[in-house]
């Protein structure tokens, strides 16, 4: 069903987000005014990913899925902004 968050679907998005976080690189120099933005976006993505793991372990798939979407949203926003390198279109939204 399209309106159900299955464990299979959730695990797929965990894999994609984990892989994106592992491949993510900050693309701006430490002295750039955007470096703090990159660090903040990365911290938020990692925090939401940890939140997703927490809710998954509690059996709350809806909140876990929402947290994964927030995590990946920060990743994709950073790539589009140019503060992260992300060239794998399977993992990152860019353009």
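Numbering (the numbering used here), first residue to last: -6 to 88.
Ideal Cβ placement from N, Cα and C applies to all residues, glycine included.
Remember, predicted model here, so these are calculated numbers, not experimental data.
Residues of the same chain with a CB within less than 6 Å of the CB of residue 14, apart from the 5 flanking positions on each side, do not exist.
Using a C-beta cut-off of 8 Å, the segment 49 to 58 makes no contact with the segment 32 to 39, since fewer than three inter-stretch Cβ pairs fall below that distance.
Residue burial annotation: residue 75 is exposed, with fewer than 16 other C-beta atoms found within 10 angstroms of its C-beta. With 16 or more other CB atoms across the displayed protein chains lying within 10 angstroms of its CB, residue 49 is buried. DSSP links residue 19 through a beta bridge to 77.
Here the C-alpha atom of residue 53 lies approximately 26 Å from the C-alpha atom of residue 70.
Between the beta-carbon of residue 79 and that of residue 17 there is about 7 Å, and that keeps the pair under the 8 Å contact cut. With 16 or more other Cβ atoms inside 10 Å of its own Cβ, residue 31 counts as buried.
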